[in-house]
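Respectively, the protein sequence lines represent chains A and B. In this text, residue positions in the first sequence follow the numbering used here: the first is 1, and each later residue adds one. In this text, residue positions in the second sequence follow the numbering used here: the first is 1, and each later residue adds one. The beta carbon of each residue, even a glycine, is placed where N, CA and C say it ideally should be. For clarity, every value in this text was computed on a predicted model and none was experimentally measured.
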Amino acid sequence: MPANEKEEFEPKIIAYLCNWCSYAAADLAGSSRLQYPTNIRAVRIPCTGRLNPLMIIKTLKKGADGILVSGCHPGDCHYIDGNYYARRRFIMLKELLEYSGVESERLNFTWCSAAEGRRFANVVTQVVDRVKSVGPWEGYLDQESIKKLEQETGNPGSTIVGSEGGVVDEQFL
Amino acid sequence: MADPVIVIGGGIAGIQAATDLAEMGVPVYLVEKSPSLGGRMAQLDKTFPTNDCSTCILAPKITSCYNHKNVTTYTMTELVGVEGTPGNFRVRLKKRPRYINEDKCTGCAECFEKCPEKIPDEYNLGLTEHKAVHKYQPQAVPNLAVIDPDHCRKLQEDKCGLCEIVCNFDAVDYSQREKNFIVQAAAIIFAPGYESFDGDIVSQYNYGKHQDVVTSLEFERILNAAGPTDGKIIRPSDGKKVEKIAFIHCTGSRDFSRDHNYCSSVCCMYSIKHALLTREHLPDAAVDLFYMDIRSHGKGFERYFNRAEATSGVNFIRSRVAEIERREQDSRLQLKTTGGDGGFKSEDYDLVVLATGIAPKEEVTEDLQKLKVRTNKYGFADTGEFSPFVTGREGIFACGAVTGPKDIPESVAEASGSAVMAGGLASLDIKELGVTEAPPIASRAVTNQRTRIGVFICHCGTNIAGVIDVEEVTKRVADMPFVELAEDVKYLCSTDSQKLIADRIEEYDLNRILVASCTPRTHEMLFQDAVERAGLNPHLMEMTNIRDQGSWVHKDEKEKATWKAYELVRAGVARIKNALPLERGEVDNITRALVLGGGVAGMTAARELGNLGFPVSLVEKEEFLGGKAASIHRSGLGRPIRPFLERLIQEIKENELIDIYSGYEIEDISGFVGNYQLELSGPKAVELEGGVVIVATGGEELKPDEYKYQNSEKIMTALELEESIENDDNSLSDAKNIYMIQCVGSREEDRPYCSRLCCTQSLRNAIELKKKKPDSEITILYREMRSYGYYEDLYREARNLGVNFSRYDLETKPKIDIVEGDNLEIEFKEPLTDTVVKDNPDLVVLAAAILPGDDNNRISKMLKTPLNEDEFFLEAHVKLRPVDSSTDGIFLTGLAHGPKNISESISQSQAAAGRAASILSKEFLLTAATIAEVDESLCIGCGDCERVCVYKAIEVDPFEKKAEVNKVLCKGCGNCLGVCRPHAVDLKGFKNQQILDEVEALLAKDEEEFSKGGML
Chain A
1 MPANEKEEFE
11 PKIIAYLCNW
21 CSYAAADLAG
31 SSRLQYPTNI
41 RAVRIPCTGR
51 LNPLMIIKTL
61 KKGADGILVS
71 GCHPGDCHYI
81 DGNYYARRRF
91 IMLKELLEYS
101 GVESERLNFT
111 WCSAAEGRRF
121 ANVVTQVVDR
131 VKSVGPWEGY
141 LDQESIKKLE
151 QETGNPGSTI
161 VGSEGGVVDE
171 QFL
Chain B
1 MADPVIVIGG
11 GIAGIQAATD
21 LAEMGVPVYL
31 VEKSPSLGGR
41 MAQLDKTFPT
51 NDCSTCILAP
61 KITSCYNHKN
71 VTTYTMTELV
81 GVEGTPGNFR
91 VRLKKRPRYI
101 NEDKCTGCAE
111 CFEKCPEKIP
121 DEYNLGLTEH
131 KAVHKYQPQA
141 VPNLAVIDPD
151 HCRKLQEDKC
161 GLCEIVCNFD
171 AVDYSQREKN
181 FIVQAAAIIF
191 APGYESFDGD
201 IVSQYNYGKH
211 QDVVTSLEFE
221 RILNAAGPTD
231 GKIIRPSDGK
241 KVEKIAFIHC
251 TGSRDFSRDH
261 NYCSSVCCMY
271 SIKHALLTRE
281 HLPDAAVDLF
291 YMDIRSHGKG
301 FERYFNRAEA
311 TSGVNFIRSR
321 VAEIERREQD
331 SRLQLKTTGG
341 DGGFKSEDYD
351 LVVLATGIAP
361 KEEVTEDLQK
371 LKVRTNKYGF
381 ADTGEFSPFV
391 TGREGIFACG
401 AVTGPKDIPE
411 SVAEASGSAV
421 MAGGLASLDI
431 KELGVTEAPP
441 IASRAVTNQR
451 TRIGVFICHC
461 GTNIAGVIDV
471 EEVTKRVADM
481 PFVELAEDVK
491 YLCSTDSQKL
501 IADRIEEYDL
511 NRILVASCTP
521 RTHEMLFQDA
531 VERAGLNPHL
541 MEMTNIRDQG
551 SWVHKDEKEK
561 ATWKAYELVR
571 AGVARIKNAL
581 PLERGEVDNI
591 TRALVLGGGV
601 AGMTAARELG
611 NLGFPVSLVE
621 KEEFLGGKAA
631 SIHRSGLGRP
641 IRPFLERLIQ
651 EIKENELIDI
661 YSGYEIEDIS
671 GFVGNYQLEL
681 SGPKAVELEG
691 GVVIVATGGE
701 ELKPDEYKYQ
711 NSEKIMTALE
721 LEESIENDDN
731 SLSDAKNIYM
741 IQCVGSREED
751 RPYCSRLCCT
761 QSLRNAIELK
771 KKKPDSEITI
781 LYREMRSYGY
791 YEDLYREARN
801 LGVNFSRYDL
811 ETKPKIDIVE
821 GDNLEIEFKE
831 PLTDTVVKDN
841 PDLVVLAAAI
851 LPGDDNNRIS
861 KMLKTPLNED
871 EFFLEAHVKL
881 RPVDSSTDGI
891 FLTGLAHGPK
901 NISESISQSQ
911 AAAGRAASIL
921 SKEFLLTAAT
931 IAEVDESLCI
941 GCGDCERVCV
951 YKAIEVDPFE
961 KKAEVNKVLC
971 KGCGNCLGVC
981 RPHAVDLKGF
991 KNQQILDEVE
1001 ALLAKDEEEF
1011 SKGGML
């Protein structure tokens, strides 16, 4: 991709924020009038532990250029240890996605306490820069390419190579 | 309806007391002197020993208290006087003018910018400035502006008046005057908090003169990410990096000359916290702590101390700082300290933090005296050791730091305890209690109706509209599918707009509402109420945050911010379109308490609940009641326990509501909050049921296996000595040379906790012996003297009586030998002279550790409630839920929870009773609306959800092999969703589909987005 195009690229980043700490930090960044790039779209969830890995994959599939998951600091979880589960899961998923070719810059996990408005603004700025550095996300397959793939290799839902049968689980496409 | 109770003080203690009473169905007046609730805790950065963020844990508590329908909050209000009698007090109050109409102000902050007058920010302790019209703190509750009359140009010189001009709500009111009024209350809870006491730091440490000498509270603000330095530790004088920092313990505490002999109990811990946080912020900084004794006597505190000791760069120095001078050449601070050898040493630092103590507020002491509430010699409210919240005046209860120095969990526990005492006077009528929380009824039909969404977009004056083109967003959204109406409103939170929303629902037959404005954290409840009044289920309203996370953070990128707002609103529409009405379910509640353990802790809890009118079943494994207290004789401050214990036993035996099962063993416990079953074995098999369980199963004293304890009659434990003193044993009359060894079995590798009460117990025994026989020689060999709080007076008394003290370390433990028949020989190292001393004591007393009860493991498994590393029962939250277990409906008290003395056990038991009462007072329990649900057709019964649920709210049915959600226990965190492979679990209100719809709408490409210029 030409350098000038890369500079103009404005990524779309979905931020999953836990209701108790990071969402509050984002609010505090606002009431403190700290400025950060507009590329972030917050989705409020009760706890980062609520995020199923599939949700992250689907977010990428739906066209997000980057993802930020931000919860409470270790030990601060409103639901005792949801953020620990989230962290463990996220590390695994990140490695898996990296292995399958998703740049690590797209996947970001952090913590912000309700008093850390400044930290939140900094995190967003950094994440936007990171995602910008790897360009738009075009790694997912659209319906057309999947169809093409199906013709070549048979049904991706099937375990037998070349098989025409099997069930395609819509959910996993 | 029960009679109202008034709570004075809106800090953490007052908030807890008010919430507990409100939950019991008692109307509460919560009176706070400052413009916002929160008190001291709101100023803290983190809390020990978990380093939890203070605001994170406090803010939800404040909000739910403030919004509770049984709580009426008066801010900026002070107590004037009290007349009348218990059950019927007339409390005179005085409300200072805010100069802001509290009904009209929305906290939009538009006026702050225009105000020309800067003043020191009180919340940040003057370390920064805000305007004369301001919010007390960014997250103030209530979220209202306030005008400082001393600095307002309009009020002072009748000039300016800008805030009135810019206010769109006509909320500024310069004509407000002080208002006096009277409220009726059955009881009064006094929780006005404390003042930081600094002794003579001004003259001694040049505080105020040297800018880089700060108090601990100031340091809290400096550490805070939202504080004056954004959490950067820099020198206040010149903003330079801090490389070396000193913490001075006991400034203003343990200071006999200043009439503050008591220990403030919290400074050691918060200084350790400060040291650890400093290293986190500045990994290279050198941190020195100057201390006398490290008093980490609370639960989990010793481990925290050990962690700090093991942290490189953190040095604990046992020494007093004599003076602080500022060096001319590099303006660093030079500390002169007394060295161990009697000489002086000096060292340079960039920043010095003074660990200031806790003292009663001067005006509070006056208030107390006005109220005819007895104060102690230090000016704190005087309460009894056996009745910790009862003041000298009937009907007035005190809790928190007003009765003496203490930390947050103790204050919270005391607050719940005083709520019980006050509730007793408020004539609770159990029969009518359940009525106080009936589920709301939404009349408007939603299912099988076409989705008709109403979108309301707020200008928030210029707060949103100044950046975001609100009309443009409204126009675009209006064309979206399912959107019946899109309307922009100047201020959605105003009363008129609330009515407007209700009218529109009626007019357009709307069945989903999207509000695009500020944050749901502060305003969700308001809008939920508004739609509910129009007959719509409150969960059919969603909010989209376009101010706090929109216009405010993108003020220079108007086009992009507008586009972002449009996308957010579009996503909100996508999300709300599939929302379903959510109801809170009702579950039957058995209004009986099951109390496990018939010691002082269990009996106190039973008595309080019985007094409130709740039936109680009390189970004790021994034949007799009294537990450990039956074998101890003196309270912490030396009062006899026997008479109190006998009275307590008599009281609970006489109370018809309390059934006692003594001589019964617990066989099994099952069930959940509202419905516990208890199986007992004993004289006969018994099955009991109750809505709550209070665990008060006690602990044990260690029988030491060191210091030749097993080998000589002349070596006994402190408890055995107490028994001998009480019986005036002959064995003591011959004992002239007595040694006491502290920390026997505590604070060692395999038992790394402090047993808390042994230091005071030994001091008390030493004083007792010395008084009986002044010529006896008593030496206490200790590691750290932990006579916290008022017990410091005992330490002083013992020293005045001539008791010797000598410190030892874990590496230089004293040695005891038995020589020539039955004679003892002790050998220990005297640190001051650095010599080894040998002596032949007549008696050696071992301060043995407190052990968790044998049964803890078994009971914990039955209750499915966890133990901590030391096998004591673990509380749900170490700071704010000190007597709750993580399992709903199970409460912890006494030695089962951790080492504590009798007075502390009583206070904790009253707290447990208070927390239990807030559940027992409901005829049925309401489940949360946003909880998990299982699609059985998808569930494979793998049990992953069960493993991650800390609330034990989801379990796989062993026969059906399907997961089931316990609606009472589920908190709606969604952790089970995170691990569910077949996606069989979903979370109401945060459904997978809703979130995916939202994300899809956020990411959707729009035909026009390129033409918009600000491509996003």
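Whole-angstrom distance between residue j and residue i, CA atom to CA atom
| i | j | result |
| --- | --- | --- |
| D944 of chain B | V213 of chain B | 53 Å |
| C108 of chain B | S64 of chain B | 21 Å |
| V373 of chain B | R393 of chain B | 6 Å |
| V5 of chain B | S54 of chain B | 28 Å |
| G231 of chain B | N224 of chain B | 5 Å |
| D855 of chain B | G49 of chain A | 34 Å |
| G193 of chain B | Q369 of chain B | 16 Å |
| L21 of chain B | C21 of chain A | 28 Å |
| E471 of chain B | V455 of chain B | 12 Å |
| I8 of chain B | L30 of chain B | 6 Å |
| T887 of chain B | E946 of chain B | 14 Å |
| A534 of chain B | V467 of chain B | 32 Å |
Classification of residue i by the beta-carbon crowding that lies within 10 angstroms, buried from 16 upward
| i | result |
| --- | --- |
| D734 of chain B | exposed |
| V836 of chain B | exposed |
| L832 of chain B | exposed |
| E8 of chain A | exposed |
| P360 of chain B | buried |
| I182 of chain B | exposed |
| D479 of chain B | exposed |
| E998 of chain B | buried |
| R981 of chain B | exposed |
Beta carbon proximity, residue i to chain A, threshold 9 Å
| i | result |
| --- | --- |
| E998 of chain B | yes |
| R547 of chain B | yes |
| A275 of chain B | no |
| S54 of chain B | yes |
| T930 of chain B | yes |
| A438 of chain B | Since pLDDT at A438 of chain B reaches only 44, below the 50 mark, its modelled position is unreliable, and the value read off the structure follows with that caveat. Judged by the 9 Å Cβ criterion, A438 of chain B is not in contact with chain A. |
| P704 of chain B | no |
| E875 of chain B | no |
Candidates the options, of which the one nearest residue i by Cα
| i | options | result |
| --- | --- | --- |
| L763 of chain B | B:Y791, B:Y753 and B:E904 | B:Y791 |
| K118 of chain B | B:V390, B:R786, B:K708 and B:D148 | B:D148 |
| R756 of chain B | B:G379, B:E363, B:E904 and B:Y136 | B:E904 |
| T930 of chain B | B:K988, B:D668 and B:S918 | B:K988 |
| N975 of chain B | A:I80, A:T59, A:K94 and A:T38 | A:I80 |
Any C-beta of chain B under 9 Å from that of residue i
| i | result |
| --- | --- |
| P136 of chain A | no |
| I80 of chain A | yes |
| N175 of chain A | Residue 175 of chain A cannot be examined here, being either before or after the span of chain A that is shown, 1 to 173. |
| R33 of chain A | yes |
| S133 of chain A | no |
| K12 of chain A | yes |
For residue j and residue i, believed in contact at Cβ under 8 Å, the rounded distance
| i | j | result |
| --- | --- | --- |
| Y676 of chain B | K621 of chain B | So it is not a contact: roughly 18 Å between Cβ atoms. |
| G674 of chain B | I590 of chain B | 6 Å |
| T697 of chain B | A911 of chain B | Not confirmed; about 17 Å, so no contact. |
| A187 of chain B | G11 of chain B | Not confirmed; about 19 Å, so no contact. |
In chain order, what residues of the segment 956-990 of chain B put their CB closer than 8 Å to some CB of chain E? Protein chains in the displayed structure are A and B, and chain E is not among them.
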